[in-house]
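For the sequence shown, our numbering assigns the number 1471 to the initial residue and increments by one for each residue that follows.
The beta carbon of each residue, even a glycine, is placed where N, CA and C say it ideally should be.
Notes to accompany the following structure.
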Amino acid sequence: MTLEQFQEDIRQGIPDVLPPKVEIDTTVSHAPIRKDILNADEKKLALRNALRYFDTKHHAELAPEFAEELARYGRIYMYRLRPKYEITARSINDFPHKSKQAAAIMLMVSNNLDYAIAQHPHELITYGGNGAVFQNWAQYRLTMQYLSEMTEEQTLAMYSGHPMGLFPSHKDAPRVVVTNGMTIPNYSKPDDWEKFNALGVSQYGQMTAGSFMYIGPQGIVHGTTITVLNAGRMIQKDENDSLAGKLFVTSGLGGMSGAQPKAAVIAGAIGIIAEINETAAKKRHEQGWVDELHYDLDIMMNRIRKAKADKEVVSLAYVGNIVDLWEKFVEVDMYVELGSDQTSLHNPWAGGYYPVDMSYEESNKMMTDNPKQFKMEVQKTLNRHVNAINALTAKGMYFFDYGNAFLLEASRAYANILNDKGGFRYQSYVQDIMGPMCFDYGFGPFRWVCTSSDPADLDLTDKIAMDVLEEMAKNSPIEISQQMRDNIEWIKGAKANKLVVGSQARILYADADGRIKIATAFNNAIKEGKLKAPVVLGRDHHDVSGTDSPFRETSNIYDGSSFTADMAIQNVIGDSFRGATWVSIHNGGGVGWGEVVNGGFGMLLDGTPDAERRLKNMLFWDVNNGISRRSWARNEGAVFAIKRAMAANSDLKVTLPNLADDSLIDGLI
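Take a look at the structure:
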């Protein structure tokens, strides 16, 4: 397909002449068949909802086809509308557009659906089993058409993948406002998602899937590396002790979890990862994100013994169930230093977690044919999973929850996961590591994408960022010196670690000051012609301010507010009028539907003074909003960080907490 044909295909939106019906492509990974949850009247409603995208002249042809999709897959994906062109992060100038900001969003949408990126590309799922960009291909086509027509005096409203339309606005307004899964609180259980998604009226956007900000497994690998490094520091005997020869055992080689083997290697450990989906395991192996695949546990144990003895830095994947792997470690009595889990337990009944003693295919069949039995098998497996972990922690393993709802779902399965006080036996990584060491000080997963799609531009941005951080490190306070050193080492080794999958993107943990200085330097490089095209800024929703999640991002907030969502809502509203190019707010993400409210942004830097004004205003708020909330919760690091921010900016005035004496309170109650 020529560039002109590609551009015309986008401009036409939903074609007037329907493309032919297509068969399922068995060469790509597909989403599990979803639960048959709708009654007869609701199935009729789902069909009516799907057909409203099309001229009535097509209804007689499409209605039986959509009814068949709903019956077979539990959803209406509209497969025949999937475009024939390759969906990938092309150069920004390849996308037909009137607004450069809109073209950047088209690039980011396309990256989320790239075969190299997306977990189930034909079902528009980017990661996590159900993290959707759109609900169906009509929504994709219509959205891309709107973006190709948009001016910088318009804003596109996106309702859970549905493009409601272009509305008049102004050049400083966001070009796109995204909401995903924003249901009434009483209707936010997993089965509510199943129902609303089957009806075509809501979707689970995860975090960066539905907000067009996913950059492949690299997007979490820096945070995972920081987590593994600091977990290692927590168990080290002295400052010269390293992770060489030590095991980090976990699960998952999907869109997010696939970062774990790479992070383990960067941290200098032996990464041992289980993945039950062979397609996912092979994909990560082919991409160089995991070194070896193993199918036999006895052979694998011998390989691990050799790796430990030789202090290799290597990643080994077991293609099978994580519980079998954990139980094997118990059986052979091998010492494991670090353990975690990244199965998609935010989605335990619909493909996020698989029962032990059953094949992947058998599990997928039971999931739809007998969901009640499937749930029982999952909960039995969770009990075995926890028992094996408990046996290994009793011998000294440090285990942490990786924010995937493992502790939560294990407790709901009545596994032996609670301590004597009724709390969890194990801390989440945010409680022990990410919260006090990073988020409280304003450090989080800042990222950027070079819209030229030229690796040379990415190389230059790496150097710019490294120069900025090295200059900042000269005068950084002792409280954040370790963070600065880790981040400088990360960016120095970023290219050598071969992190890019999809768009020319980089992840880098930075605080507000670092983000602003790096972004300003990028904007200047664009203005001076050193970078060939604009740069998109963004971040993971898993950040200082973007997410309210009591079992993950806000799990180290202990003033009783961890179950509130004011911070995430304030954040997205504040970003929207401070200069973001697009903003998003989601129900769910990470720990699961109904358990989290999270949001994000995208910002295009084009070398103009307007871009510099926006970045300084918005990035400052986007970080310090969360620091102020964490400070009010009496987190020591956050109190330090917000005082430092106020000293640097006279327009910032934040309410600080006064600490009550414990003996005074204890004497009263």
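- Task: Please name the residue or residues paired with L1888 in a DSSP beta bridge.
- Result: In DSSP, L1888 forms a bridge with F1894.
- Item | Neighbour-count burial assignment, I1494, 16 or more Cβ in a 10 Å radius | If you draw a 10 Å sphere on the C-beta of I1494, you find fewer than 16 other C-beta atoms in it, and that means exposed.
- Item | Selection from D2018, R2083, N2026 that minimises the alpha carbon distance to A2050 | If you compare the alpha carbons of D2018, R2083, N2026 with that of A2050, the shortest gap goes to R2083.
- Task: Reducing DSSP to helix, strand and coil, say where N1817 ends up.
- Result: Of the three classes helix, strand and coil, the one that applies to N1817 here is coil, per DSSP.
- Item | Whole-angstrom C-beta distance between N1650 and S2054, which should lie under 8 Å | The beta-carbon distance between S2054 and N1650, rounded to whole angstroms, is 7 Å. This is short enough to meet the 8 Å contact definition.
- Item | Every unbroken alpha helix (DSSP H) within the stretch 2059 to 2130, with a cutoff of 4 residues, ordered by chain | Segments of the alpha helix (DSSP H) lying fully in the stretch 2059 to 2130: 2079 to 2102, 2106 to 2118.
- Message: Could you tell me the alpha carbon to alpha carbon distance between S1898 and K2002, rounded to whole angstroms?
- Response: Distance between S1898 and K2002, taken at the CA atoms: about 42 Å.
- Query: Rounded to the nearest angstrom, how far is the Cβ of H2012 from that of M1677, given a contact under 8 Å?
  - Reply: Under the criterion of beta carbons closer than 8 Å, H2012 and M1677 qualify as touching, at roughly 6 Å.
- Residue range of the alpha helix (DSSP H) that includes E1478: Unbroken alpha helix (DSSP H) run through E1478: 1473 to 1482.
- Task: Output the distance between the C-alpha atoms of V1698 and A1734, rounded to the nearest integer angstrom.
- Result: Looking at the two C-alpha atoms, the distance is approximately 7 Å.
- Task: Report yes or no: do the stretch 1972 to 1989 and the stretch 2056 to 2066 share at least 3 C-beta pairs separated by less than 8 Å?
- Result: Judged by Cβ distances under 8 Å, the stretch 1972 to 1989 makes no contact with the stretch 2056 to 2066, as fewer than three pairs qualify.
- Contact between the stretch 1473 to 1488 and the stretch 1524 to 1537: three or more CB pairs below 8 Å? With a cut-off of 8 Å on Cβ pairs, the stretch 1473 to 1488 is in contact with the stretch 1524 to 1537, counting three or more such pairs.
- Using the DSSP secondary-structure output, state which residues sit across from H1632 in a beta bridge. Under DSSP, H1632 shares a beta bridge with Y1629.
- Figure out for me which residue from H1640, T1596, G1483 has the closest Cα to the Cα of R2048. Out of H1640, T1596, G1483, H1640 has the C-alpha closest to the C-alpha of R2048.
- Under 8 Å Cβ to Cβ from F1476, same chain only, skipping five residues before and after it: list those, please. Correct list, in chain order: Y1555, D1564.
- Message: Buried or exposed for T1496, going by 16 or more other Cβ atoms inside 10 Å?
- Response: T1496 should be labelled exposed.
- What residues are listed by DSSP as bridge partners for H2056? DSSP output for H2056 lists N1650, N2068 as bridge partner(s).
- Below 8 Å between beta carbons: does that hold for V1603 and V1719? With contacts defined by Cβ atoms closer than 8 Å, V1603 and V1719 do not form a contacting pair.
- Query: Which of helix, strand or coil does DSSP assign to R1518?
  - Reply: If DSSP states are grouped into helix, strand and coil, R1518 belongs with the helices.
- Look at the Cβ atom of T1931, then the Cβ atom of P2004, and state whether they are nearer than 8 Å. By the CB criterion at 8 Å, T1931 and P2004 fall outside the cutoff.
- Message: Measuring straight from C-alpha to C-alpha, what distance separates Y1788 and V1848?
- Response: Those two C-alpha atoms are separated by around 20 Å.
- Task: Assign G1686 to one of two classes, buried (16 or more other C-beta atoms within 10 Å of its C-beta) or exposed (fewer than that).
- Result: Looking at its Cβ environment, which holds 16 or more other Cβ atoms inside 10 Å, G1686 is buried.
- Message: Between the stretch 2061 to 2080 and the stretch 1568 to 1586, can you find at least three pairs of beta-carbon atoms closer than 8 Å?
- Response: Yes, they touch.
- Message: For G1675 and K1707, what's the separation of their Cα atoms in angstroms?
- Response: Taking the straight line from one Cα to the other gives about 42 Å.
- Looking only at its own chain, which residues have a Cβ that is under 7 Å from the Cβ of Q1976, when we skip the five neighbours before and after it? Per the sequence shown, the amino acid found at residue 1976 is Arg instead of Gln. The beta carbon of R1976 is closer than 7 Å to those of R1917, W1918, L1928, T1931, D1932, A1964 in its chain, skipping five residues each way along the sequence.
- Message: Just to confirm my understanding: we take Q1843, look at its own chain, exclude 5 residues before and 5 after, and list those with CB closer than 7 Å. What are they?
- Response: Excluding positions up to five away in sequence, the list reads M1836.
- Proximity below 8 Å, CB of A1880 to CB of L1852: Yes. Within cutoff.
- Message: Using only CA atoms, which one of I1557, T1526, S2098, K1513 lies nearest to F1536?
- Response: Of the listed residues, the one whose Cα sits closest to F1536 is K1513.
- Message: Give me, in chain order, the residues of the same chain whose beta-carbon lies closer than 7 Å to that of S1658; leave out the 5 immediate sequence neighbours on both sides.
- Response: Close CB contacts of S1658 within its chain, under the 7 Å cut and outside five residues either way in sequence, are with N2057, W2063, G2064 (chain order).
- Query: Between which two residues does the alpha helix (DSSP H) harbouring Y1616 extend?
  - Reply: Boundaries of the alpha helix (DSSP H) around Y1616: 1607 to 1619.
- Please go through the stretch 1682 to 1748 and give each complete alpha helix (DSSP H) segment of 4 or more residues, from N-terminal end onward. Complete alpha helix (DSSP H) runs here, min 4: 1688 to 1705, 1729 to 1737.
- Candidates N2119, V2066, G2137, F1682: closest to M1652 by CA position: Shortest Cα-Cα distance from M1652 to any of N2119, V2066, G2137, F1682 involves V2066.
- Message: Between which two residues does the beta strand (DSSP E) holding E1762 run?
- Response: That run of the beta strand (DSSP E) goes 1762 to 1764.
- Task: Out of D1780, N1656, H1855, state which residue places its alpha-carbon closest to the alpha-carbon of L1795.
- Result: Nearest of D1780, N1656, H1855 to L1795, Cα basis: H1855.
- Query: The beta strand (DSSP E) spanning W1759 covers which residue range?
  - Reply: Neither: W1759 is in no beta strand (DSSP E) and is coded neither H nor E.
- Alpha carbon of Y1823 to alpha carbon of V1793, nearest angstrom: Distance between the alpha carbons of Y1823 and V1793: 11 Å.
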